[in-house]
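**Student:** Provided herewith is a single structure, encoded as structure tokens, for subsequent inquiry.
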Amino acid sequence: MMNIFETAPGSAARAVYGELLTKKICRHSSLCIMKQQTINKKSALALPMANNFTDRARAVADTCVDCSICVKQCRFLTRHGSPRRLAQLFLDNPTNNLAFHCSLCRLCTAVCPKDVDPAALCMAQRCQVAHRQEEMQTRYRSLLAYEKWGSSSLLSSYALPEGCDTIFFPGCALPGSRPQRVLDVIDQLRRQIPNLGVVLDCCTKPSHDLGRLDYFQNMFSGLHGFLEEKGIRKVLVACPNCHRMFSEYGRLEVQTIYERLSAPHRAEGEACVTVHDPCGVRFATEIHSAARRLISETGLSVQEMKHHGPKTLCCGEGGAVGYLDRDLAQTWTELRRQEAQERPVITYCAGCSHFLGKRLTCHHLLDLVFAPQATLADRVRVSRSPLTYWQRWRLKKKIAALLAPHRPLSRREAQT
Ligand code: SF4
Ligand code: SF4
Ligand code: SF4
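See the structure below:
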């Protein structure tokens, strides 16, 4: 195994995650949460980040040289100190709540010249306190309810036509906010993949990020196991968070729809936009390129913000920080607003689009691709909660009609 500490600053982390995403060999540092998982992946869906909290914290405390490179980039670390200090704090008090103020965005991991992974430390620390059920249920009630509805019999749906080995998995936020875009995507994908299946369910990343690993493992394994059993080999996702969950914990091939789609319409005139890469796919440069290709197919040009690609910033929604510290979450959004410099921002995460849209002009890439004129004129209708639940239920019915006569199953039916 090569010594990744000898490579150029920042490049090792990119190489490690890039390789993982393309399913090549593992050359992780001893601090990386992915190391054990890559090995376990061959046998079962594994959740290693809960293990060895103490070892991980000690390793960060020993390896971090307090150079402040990550601290200067991160609003959370600026307030609470370097990863080395945090590791010591967590070791002294493993049930400390501070890790819930970290966005889990991995910018620190991307910039660290010593290949320390502070995001993994915060994730492991979250797992130490997630068993405090009552506290979690009270603080994150609406988020957990949102997640639960996604997997409910009412909203989940497994539409798997005969001979189908590839599914489109739109996630939760996109079907609720933009059901028409889901139908547009299905229409274009079915021309490439006639037996395409469509699965409406939740990848349960909220529970994952809150450290509720038992719940996450149970739900994600159920979903993944059923797909494997039905002969599904490939998952096409719209949401960067789903991409991360399927890539890190699944055995199925995973790709974003942005790498498969083409833009059917061109925008009139010339306009310049900028791109917010969602932190869930921070290290997946092929997805960053696909998003920019689609934008250029609509005839628009892209001017990059200072932080983009592997060094992108969190939109503010990451790690559910806003439930605990709204001000801190908003400082991330404000940073994005400043870097955008009044240019329209295009992103490919419905969560980012919603969060950034509160402070700046932000459009979802799928709106731009399928309705460029209306999008640039800010005339696209985007549903907000609680209407989103009704939209998802209606979409489920429309997909059933589209894929008839194959009756889709709900999650409960699929797993009994
Ligand atoms: S994961 Fe993001 S928020 Fe957390 S410490 Fe790293 S850069 Fe800061
Ligand atoms: S985690 Fe890395 S970048 Fe951050 S202070 Fe420590 S050595 Fe420097
Ligand atoms: S909404 Fe997107 S950018 Fe924001 S934290 Fe989630 S994945 Fe990252």
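Count the sequence shown with this note's numbering and you get residues -12 to 403, in order. Glycine included, C-beta positions come from ideal geometry on N, C-alpha and C. None of the values given here were measured: they were computed from a predicted structure.
(1) Give the straight-line distance between the Cα atoms of Asn80 and Ser194, rounded to the nearest whole angstrom.
(2) Who are the Cβ neighbours of Cys226 in its own chain at under 6 angstroms, not counting the five residues just before and after it?
(3) Classify Val268: buried if its beta carbon has 16 or more other beta carbons within 10 angstroms, exposed otherwise.
(4) Name the DSSP bridge partner or partners of Gln242?
(5) Going by beta carbon distance, what residues of the same chain come within less than 6 angstroms of Cys411, once the five residues before and after it are set aside?
(6) Quick one: residues in its chain with C-beta nearer than 8 angstroms to the C-beta of Ile173, no 5 flanking neighbours on either side, listed in chain order?
(7) Ligand 2: which residues have Cβ under 5 angstroms from any of its heavy atoms, chain order?
(8) Can you give me the start and stop residues for the beta strand (DSSP E) that Thr334 sits inside?
(9) With DSSP as the reference, label Cys89 as helix, strand or coil.
(10) Taking the alpha carbon of Arg113 as the point to measure from, which residue in Lys345, Pro359, Ala307 has its own alpha carbon closest?
(11) Taking the CB atoms as reference points, tell me whether Arg62 and Leu311 lie closer together than 8 angstroms.
(12) Cutting at 6 angstroms between CB atoms, please list the residues of its own chain near Ser144, excluding the five before and the five after it.
(13) Arg93: beta carbon under 7 angstroms from a heavy atom of ligand 1?
(14) At a threshold of 7 angstroms, does Pro105 count as lining ligand 1 (C-beta to nearest heavy atom)?
(15) Once you ignore the five residues that flank Ser55 on each side, which residues in its own chain have a CB closer than 8 angstroms to its CB?
(16) Which residue or residues does DSSP assign as beta-bridge partners of Ala74?
(17) For Met21, which of helix, strand or coil comes out of DSSP?
(18) Which parts of the region 130 to 216 are runs of the alpha helix (DSSP H), unbroken and 4 residues or longer, counting only runs that do not cross its ends?
(19) Would you say Gly150 reaches chain D, if we count a Cβ-Cβ gap shorter than 8 angstroms as a contact?
(20) Hey, would you say the C-beta of Ser404 is under 7 angstroms away from at least one heavy atom of ligand 1?
(21) Let's test the definition: count the other Cβ atoms within 10 Å of the Cβ of Arg408 and tell me whether it reaches 16, buried, or not, exposed.
(22) Can you give me the start and stop residues for the alpha helix (DSSP H) that His350 sits inside?
(23) Out of Leu248, Lys59, Ala364, which one is the CA nearest neighbour of Asp171?
(24) Just mark Lys192 as buried or exposed, buried being the case when its beta carbon has 16 or more other beta carbons within 10 Å.
(25) What span of residues does the beta strand (DSSP E) with Thr65 cover, start to end?
(26) I'd like to confirm the pairing. Which residues does DSSP put opposite His263 in its beta bridges?
(27) Since Leu322 is in the alpha helix (DSSP H), which residue starts that stretch and which ends it?
**Tutor:** Looking at the atomic coordinates:
(1) 23 angstroms
(2) Gly158
(3) buried
(4) Leu223
(5) Outside the modelled stretch of the chain, which goes from -12 to 403, sits residue 411, for which no answer is possible.
(6) Phe155, Leu183, Val185, Ile386, Leu389
(7) Cys51, Val52, Cys54, Ile56, Cys57, Ser69, Pro70, Cys99, Lys101, Val103
(8) 332 to 334
(9) Cys89: coil per DSSP, three-state reduction.
(10) Ala307
(11) Contact flag unset, no.
(12) Leu187, Lys383, Pro395
(13) Arg93 Cβ: within cutoff of ligand 1.
(14) yes
(15) Ser69
(16) Ala74 pairs with nothing; no bridge assigned.
(17) Because Met21 carries a pLDDT of 34, less than 50, the predicted location of this residue cannot be relied on, and no value is offered for it.
(18) Runs of the alpha helix (DSSP H) lying entirely within the region 130 to 216 and spanning at least 4 residues, in chain order: 160 to 164, 166 to 179, 192 to 196, 200 to 216.
(19) Here chain D cannot be found, since the structure has a single protein chain.
(20) Past the boundaries of the shown model lies residue 404; the chain is included only from -12 to 403, so the question cannot be answered.
(21) This structure cannot speak to residue 408, because the chain is shown only from -12 to 403.
(22) Element bounds for His350: not the alpha helix (DSSP H) but the beta strand (DSSP E), 349 to 351.
(23) Leu248
(24) buried
(25) Unbroken run through Thr65 is the alpha helix (DSSP H), 62 to 67; no beta strand (DSSP E).
(26) Thr334
(27) For Leu322, the enclosing alpha helix (DSSP H) stretches over residues 313 to 327.
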